[in-house]
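In the working numbering, each residue carries its 1-based index in the sequence shown increased by 93.
Ideal Cβ placement from N, Cα and C applies to all residues, glycine included.
Notes for the one structure printed next.
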Amino acid sequence: MTTTPSPSAAPSQPMASMGTPDAPSTFSALPGYGNQLRKMQVSREVPENQPIQFVVYKCVKNSEVLLLGVHRKQDRYLKFEYNRNQFKEHNCICQTPTMESDLIPLYAEKCEDLKAFVIHCENSLNGKKEQYIVNTETENLVQVFRPELQFQEERKTADRHAVAYCNATNGLILIKRSEDGLKKERFEKTGGTVYLPDSPVRKLDLTEDDNDDKTIEIDVELSGHFKDYLNSLPVYKSWYCKSSSLMNVRVKIPNTTTYLDYYFENGSMLRSPECQECSKEVTLQSLIPKYSVKLNGFKTVLFCRNVILETIEQYVLDSQKIVLKQVFLPELLYDATLVNHEDIDVFFIENGILVSKKGIILIVKKLNRDTKHYEEIPNVPVKIMDQESEASDAREEESEVADLRAKRRQKLMDLSFEELKSIYEEKNEERIAMKKRRFDQGKKDNKKDEDQEAVTDQESEFYLLGNTFFNTFE
């Protein structure tokens, strides 16, 4: 099912994670609302051995409600209720109409108040037991609800040929059960038989209270930058669990990065069991590097595919802490044409730290200044976006300051004691004189051995020189 997006229908928040590079498309977005019945029609021709493909759709009655559907006859478009953390059938005029062939007639019984036979049917779209009567004028089925006529399992008829006979204006209507669902025939007064076409049923009043929680109250106050990032995340994601062989739909909880997992079974979306083998923690092994970009005023930004969340994300390197930090630059869009498909590639070098790849594996190495070779750093941590993340995390100014501090530290390591002492004496002449007076007084009081005093003095002064060096050049 393919549609052309309409500019006016573009949502402010992504509806679904779809078309992710290197991953099969799981969702189809239906952004146009002109002919909703045609676009909401569930495909009946999808082979059962094909993977489930979900459809995301905005309710035409309430554009804030996102619906989830599956290309199967047994499906009904579902709405996620945040206050209950579950999917429920979306009873609305925007739904695909229930056809008579979607009903499986089970048995019929007379209703004295209606003066008609009530036909108990199973709705294959939602699995529910429902009640219907035949409209004598249109000869189509109309849903009713008679609480006194409770469904009784033992009354189900095995007769496929005749479940009920109902009087109509033009003759007698025969309700039959077939492999394709409910069928209708009309015995005319002239003696002829007419096979009636499959028609939409008239459902009960489709109005319902919208009891979705529009927002979930969060105890913490969200920063503007982090809130913008949250708004960029799709409402729905797909996730295939290999250990359980389940195609999961992940539903984002508002104002958080939390996703709840559900899977489709027998026409319903059920909460997925917690999988111990599926990692939820983002590590270096979770990120497949794509390409890097260096922009004026920014650190080098590395685009990676997160195989846990099935999203393309941006990362920068904190070369001092040796941490790969996720950033969010909405103006920097992913460009698949820039992906380097070479087996081995160096993305960038920053302050003696090299970021590269081997195949699809992201590798971080550090320069060994003795051997002049880069050596791989194991277990490099990954910091994902959180409430403390700032837009400035990707700014180049931070990188320049870090590089300057690193150069100072390296310069300190390369200096001898005599060189440090010379710098210290030049910058701290007065402080040295005071320290010497105190030291001389302590020497008289403690009567220490001169050799020991010299060693102690040198060690103490070396420690002080090291700290002073940093203070001098900061």
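Simplified DSSP assignment, three categories, for residue i
i	result
I477	coil
T404	strand
F319	helix
R253	coil
N219	coil
I266	strand
N324	helix
L525	One detail in the question is off: residue 525 reads as Ile in this sequence, not Leu. It is helical.
L388	coil
D195	helix
S515	helix
D593	Coverage of the chain is limited to positions 94 through 567, which leaves residue 593 absent and any answer about it impossible.
E358	strand
T571	The structure shown has nothing for residue 571, since the chain only spans 94 to 567.
F280	strand
K504	helix
E424	coil
S485	helix
E246	helix
T393	strand
L431	helix
E202	strand
Neighbour-count burial assignment, residue i, 16 or more Cβ in a 10 Å radius
i	result
T54	Any property of residue 54 remains undetermined from this structure, which presents the chain solely from 94 to 567.
D507	exposed
L171	buried
N461	exposed
T262	exposed
D486	buried
A251	exposed
F440	buried
G274	buried
Y329	buried
D354	buried
Y150	buried
G452	exposed
F173	buried
L410	buried
Y322	buried
T393	buried
K345	buried
R398	buried
Strand pairing of residue i, partner residues [DSSP]
i	result
H466	N461
E174	Q179
L297	Paired residues: none, contrary to the question.
L380	N399
V344	Y329, L353
C259	I266
Y225	I212, Q236
Q419	Y408
C334	L339
T286	F280
L530	Residue identity differs from the one stated: residue 530 is Arg in this sequence, not Leu. Answer is none; R530 lacks a bridge partner.
E443	I446
G274	S271
K451	I437, I454
L363	Y356
Anticipated Cβ contact below 8 Å, residue i with residue j, distance rounded
i	j	result
C204	R239	6 Å
V473	L402	Incorrect: roughly 19 Å between the Cβ atoms, too far for contact.
F180	M362	4 Å
Y384	L431	5 Å
E443	S412	5 Å
V294	Y200	V294 to Y200, Cβ: 18 Å. No contact.
Q419	I477	5 Å
N219	E272	Not a contact, Cβ separation roughly 20 Å.
L380	L426	Rounded, the Cβ-Cβ distance is 19 Å, inconsistent with contact.
P198	R270	5 Å
V256	I212	7 Å
N260	T229	7 Å
L161	F147	6 Å
Residue i beta carbon near the ligand ZN (any heavy atom closer than 8 Å)
i	result
K296	As presented, the structure is devoid of all ligands, the ligand ZN included, so that no description of it is given.
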